[in-house]
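Read in order, the letters of the sequence shown correspond to residues 91 to 450 in this note's numbering. Here a beta-carbon is modelled for each residue, glycine too, at the ideal position from N, C-alpha and C. Since we're looking at a predicted model, the values are computed, not measured. Notes follow once the structure below has been shown.
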Amino acid sequence: MNNISEKLEKLGLDKCFLETVALEDLENFEIARVSAVHKDSYTVSNGEVDVLAELVGKIIFSASSPIDYPAVGDWVLANFYDEYTFAIIHEILPRKSLLKRKTPGKKVDYQLIAANIDVAFIVQSLNENYNLRRLERYLVMANESNIQPIVLLSKSDLLASEDIANKINAIKQNMPRLQVLPFSNENESGLASVKETMQPRLTYCLLGSSGVGKTTLLNKLIGESKYKTKIVSKKESKGRHATTHRELIKLDFGPIVVDTPGMRELGSFSVSTGLEETFSEIMKFADNCQFNNCAHVSEKGCAVLDAVERGLLSADRYQNYIKMNKESNYNEMSYLEKKKKDKKFVKHCKSVMKQIKSQR
Ligand SMILES: Nc1nc2c(ncn2[C@@H]2O[C@H](COP(=O)(O)OP(=O)(O)OP(=O)(O)O)[C@@H](O)[C@H]2O)c(=O)[nH]1
Ligand SMILES: [Mg+2]
Ligand SMILES: [Zn+2]
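Okay, structure coming up:
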């Protein structure tokens, strides 16, 4: 057991997960980590081998939302068969963190991005992709999911150092404690600092628009061009995504990384905590609003509006906060509506069944 847990620790398992597993389950199952998600199957790792896995029927039949299925990074209880060439997943262990996003479109539904991530590397390129409002969106998502965000600004080779400093300062101005690192995959400047922030046994996730250099960075961290990147294109985020799937990769210096495809739309899902943490300077003023439930839009005695008017808060950040807050409320509402609908449907089914029974 000691031996196994050391291998799993290297895969990122910490003690808190072990505490969630009953002794009896440890006798019947092995703990494994989902390292890739395919269409109807998974790859799981026990720290030694990567094995194709399928879900036990119980999980499929009782699933009522995407949350009930494994995501990359999940810890699961599994049984291995045929000399460790095949596995069945029996249970998903409770998650330390879960990155999800709303699926594109008006419908409130969501996709799982990754589970049990410790640190999110939010990547923006210093040239075309640099955008504070978009960055705030990613930060809300990470903060909401209980994941430490670190901002990586790529393609520093394309800008003068003064421009780079200005762009970093613009981020730091309102979020002084946020770690922001410029780097270049091209001339490798700053890569050492990125590596230095990475700790063994922690799981990192690469997030950011298509074409900003996430996979190129991963290849640099691995030390070889293992994963496919985009062929140099004139414009970023045009054309197809180079990365089309998510996979858990263990680096030889200890950290674990999940690369993700660039996201076009980053819908958020009811994100109150994420908003509060990302816009903490706005929340400080909100404490002084006249009304407890102030939405900071047009209320009397709103300390936030007052601060914006007096130039104490950035108007751009304020607007982005309001926009995301509205979306979050909408998503939450639709989510509750949907649940209500589900309940109605269950009730309906029950009454139909009753009718059928009484007609017999
Ligand atoms: N000049 C410059 N180009 C870079 C840098 N990093 C990546 N690129 C180029 O940017 C393009 C996109 O890189 P990828 O690593 O495929 O981008 P990605 O973020 O993984 O994109 P998706 O997988 O589509 O989400 C490639 O042509 C890279 O060569 C950099 O630091 N400087
Ligand atoms: Mg990629
Ligand atoms: Zn207010």
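Checklist line | Inter-residue spacing [alpha-carbon to alpha-carbon] between residue 389 and residue 261 | finding: It is roughly 29 Å from the alpha-carbon of residue 389 to the alpha-carbon of residue 261.
Notebook entry, point to check: For ligand 5, any of its heavy atoms closer than 7 Å to the Cβ of residue 140?
Noted result: As presented, the structure is devoid of ligand 5, carrying ligand 1, ligand 2 and ligand 3 as its sole ligands.
Check: What do you get for residue 171, buried or exposed, if any count of 16 or more other CB atoms within 10 angstroms of its CB means buried?
Finding: Exposed, because fewer than 16 other Cβ atoms sit within 10 Å of the Cβ of residue 171.
Note to self: Any heavy atom of ligand 3 closer than 7 Å to the beta-carbon of residue 379?
What the structure shows: At least one heavy atom of ligand 3 is nearer than 7 Å to the Cβ of residue 379, so yes.
Next item on the list: Kindly identify the DSSP beta-bridge partner or partners of residue 123.
Entry: Looking at the DSSP assignment, residue 123 forms a beta bridge with 135, 165.
Margin query: Contact between the stretch 282-298 and the stretch 209-222 is defined here as three or more beta-carbon pairs at a separation below 8 Å; is this criterion met?
Written below: The stretch 282-298 is in contact with the stretch 209-222.
Note to self: Any beta carbon from chain D within less than 8 Å of residue 100's own beta carbon?
What the structure shows: Absent here is chain D; the protein component of the structure consists of one chain.
Checklist line | Reference residue 145, options 139, 159, 154, 401, closest by Cα | finding: When the alpha-carbon of residue 145 is set against those of 139, 159, 154, 401, the nearest one is in 159.
Check: For residue 340, which of helix, strand or coil comes out of DSSP?
Finding: Of the three classes helix, strand and coil, the one that applies to residue 340 here is strand, per DSSP.
Checklist line | Host beta strand (DSSP E) of residue 306 (start-end) | finding: Where residue 306 is concerned, there is no enclosing beta strand (DSSP E), although the alpha helix (DSSP H) around it starts and stops at 304-312.
Check: Near residue 373, what residues of its chain come up, given a Cβ to Cβ distance below 6 Å and the 5 sequence neighbours on each side ignored?
Finding: For residue 373, where only same-chain residues beyond five positions count, the Cβ hits under 6 Å are 366.
Note to self: Between which residues of its own chain and residue 120 is the CB-CB distance below 8 Å, once the five residues before and five after are set aside?
What the structure shows: Scanning its chain for C-beta atoms nearer than 8 Å, with the 5 sequence neighbours on each side dropped, one finds around residue 120 the residues 94, 136, 167, 168, 169, 170, in chain order.
Note to self: Three Cβ pairs or more, each shorter than 8 Å: is that satisfied between the stretch 116-134 and the stretch 174-185?
What the structure shows: Yes: at least three Cβ pairs fall under 8 Å.
Margin query: Here's the rule: buried if 16 or more other CB atoms are within 10 angstroms of the residue's CB, otherwise exposed. What is residue 377?
Written below: When all chains shown are included, residue 377 counts as exposed.
Margin query: For a test of your reading of the model: does the CB of residue 248 fall under 7 Å from any non-hydrogen atom of ligand 1? Yes or no.
Written below: Residue side-chain check: residue 248 places its Cβ nearer than 7 Å to a non-hydrogen atom of ligand 1.
Margin query: Using only CA atoms, which one of 368, 393, 109, 387 lies nearest to residue 468?
Written below: An answer regarding residue 468 cannot be provided, because it is not within the stretch 91 to 450 covered by the chain.
Checklist line | Buried/exposed call for residue 240, threshold 16 Cβ in 10 Å | finding: With 16 or more Cβ atoms within 10 Å of its Cβ, residue 240 is classed as buried.
Notebook entry, point to check: From residue 291 to residue 131, what does the alpha carbon distance come to, in whole angstroms?
Noted result: Each residue's alpha carbon lies about 26 Å from the other.
Checklist line | Check: residue 393 C-beta below 7 Å from any heavy atom of ligand 3 | finding: Of the heavy atoms belonging to ligand 3, at least one sits nearer than 7 Å to the Cβ of residue 393.
Item checked: Beta-carbon proximity check, residue 143 vs residue 202, cutoff 8 Å -> When the beta-carbon positions are compared, residue 143 and residue 202 stay at least 8 Å from each other.
Next item on the list: Can you give me the start and stop residues for the alpha helix (DSSP H) that residue 228 sits inside?
Entry: Counting along the chain, the alpha helix (DSSP H) containing residue 228 begins and ends at 222-234.
Check: Should residue 187 and residue 149 be called a contact, given that it needs their Cβ atoms to be closer than 8 Å?
Finding: No, they are not a contact pair.
Next item on the list: Report the rounded CA-to-CA distance for residue 257 versus residue 99, giving the unit in angstroms.
Entry: Taking the straight line from one Cα to the other gives about 38 Å.
Note to self: Could you tell me the alpha carbon to alpha carbon distance between residue 405 and residue 285, rounded to whole angstroms?
What the structure shows: Cα to Cα, residue 405 sits roughly 35 Å from residue 285.
Next item on the list: Sort 318, 343, 233 by Cα distance to residue 282 and report the nearest one.
Entry: The shortest C-alpha separation from residue 282 is found at 343.
Check: In three-state terms, what does DSSP make of residue 191?
Finding: Note: residue 191 maps to strand in three-state DSSP.
Note to self: Determine whether the beta carbon atoms of residue 163 and residue 348 lie at a separation below 8 Å.
What the structure shows: Residue 163 places its beta carbon less than 8 Å from that of residue 348.
Check: Over what stretch of residues does the beta strand (DSSP E) that includes residue 242 continue unbroken?
Finding: Looking at the DSSP string, the run of the beta strand (DSSP E) that includes residue 242 is 238-244.
Check: Roughly how many angstroms separate the alpha carbons of residue 401 and residue 408, rounded to a whole number?
Finding: In a straight line, the C-alpha of residue 401 is about 11 Å away from that of residue 408.
Margin query: According to DSSP, is residue 97 part of a helix, a strand, or is it coil?
Written below: If DSSP states are grouped into helix, strand and coil, residue 97 belongs with the helices.
Check: According to DSSP, is residue 293 helix, strand or coil?
Finding: DSSP places residue 293 within a strand segment (E or B) once states are collapsed to three.
Next item on the list: Measure the alpha-carbon distance for residue 134 versus residue 141 and round it to whole angstroms.
Entry: Taking C-alpha positions only, residue 134 is separated from residue 141 by approximately 5 Å.
Check: residue 364 and residue 234: beta carbons closer than 8 Å?
Finding: It is a contact, given that the beta carbons lie within the stated cut-off.
Next item on the list: Apply the 10 Å Cβ neighbour rule to residue 139 and answer buried if 16 or more other Cβ atoms are within range, or exposed otherwise.
Entry: Flag for residue 139 reads exposed.
Next item on the list: Taking only the alpha-carbon atoms, compute the straight-line gap between residue 345 and residue 312 and give it to the nearest angstrom.
Entry: The alpha-carbon atoms of residue 345 and residue 312 are separated by roughly 11 Å.
Check: Under the rule that 16 or more other beta-carbon atoms within 10 Å means buried, what is residue 244, buried or exposed?
Finding: Burial call: buried.
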